[in-house]
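> Sequence positions in the sequence shown follow our numbering and run 1299 to 1380.
If you scroll down you'll find the structure; I have some questions about it.
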Amino acid sequence: MTQHPLTMNIKMVLKEKDPAKKPAQITKLAIGKPGGVDPDVDDYDTVVTVKCLQCNKELDHKQPIIAGLVDSVLQSQSAYFS
Ligand SMILES: [Zn+2]
1299 MTQHPLTMNI KMVLKEKDPA KKPAQITKLA IGKPGGVDPD VDDYDTVVTV KCLQCNKELD
1359 HKQPIIAGLV DSVLQSQSAY FS
């Protein structure tokens, strides 16, 4: 599978705001979250689509081999943005 050419599509989707959520509650939820909370990034969900060009089908990006690939891309992305 890894020899096949893969395309990866990463979308940042703005999370739906909960109007009932107050800043005090967000602070409470942030405690214990590794690395703390980035208020900008935390507003977004990351949607990843991985497609194999040779099989012409979407791959399950939750598979460990695909997830590792996705993680490394996302990490290099956040390194780029910081
Ligand atoms: Zn394939």
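Glycine included, C-beta positions come from ideal geometry on N, C-alpha and C.
These numbers were taken from a predicted model, which means no experiment stands behind them.
For residue 1368 and residue 1315, I'd like the C-alpha separation in whole angstroms.
Here the question's residue 1368 lines up with position 70 in the sequence shown. Here the question's residue 1315 lines up with position 17 in the sequence shown. Taking the straight line from one Cα to the other gives about 26 Å.
> Pick helix, strand or coil for residue 1369, following the three-state DSSP scheme.
As a position in the sequence shown, residue 1369 is number 71, starting the count at 1. Residue 1369: helix per DSSP, three-state reduction.
> Keeping to the same chain, check which residues put their C-beta closer than 7 Å to that of residue 1311; ignore five residues upstream and five downstream.
In the sequence shown, residue 1311 corresponds to position 13, counting from 1. Correct list, in chain order: 1342, 1343, 1345.
> Pick out whichever of 1313, 1309, 1357 has its Cα sitting closest to the Cα of residue 1303.
Residue numbering aside, residue 1303 sits at position 5 when the sequence shown is read from its first letter. That would be 1357, whose Cα lies nearest to the Cα of residue 1303.
> At the level of alpha carbons, what is the spacing between residue 1350 and residue 1340?
Sequence index remark: in the sequence shown, residue 1350 carries index 52 (1-based). Sequence index remark: in the sequence shown, residue 1340 carries index 42 (1-based). In a straight line, the C-alpha of residue 1350 is about 29 Å away from that of residue 1340.
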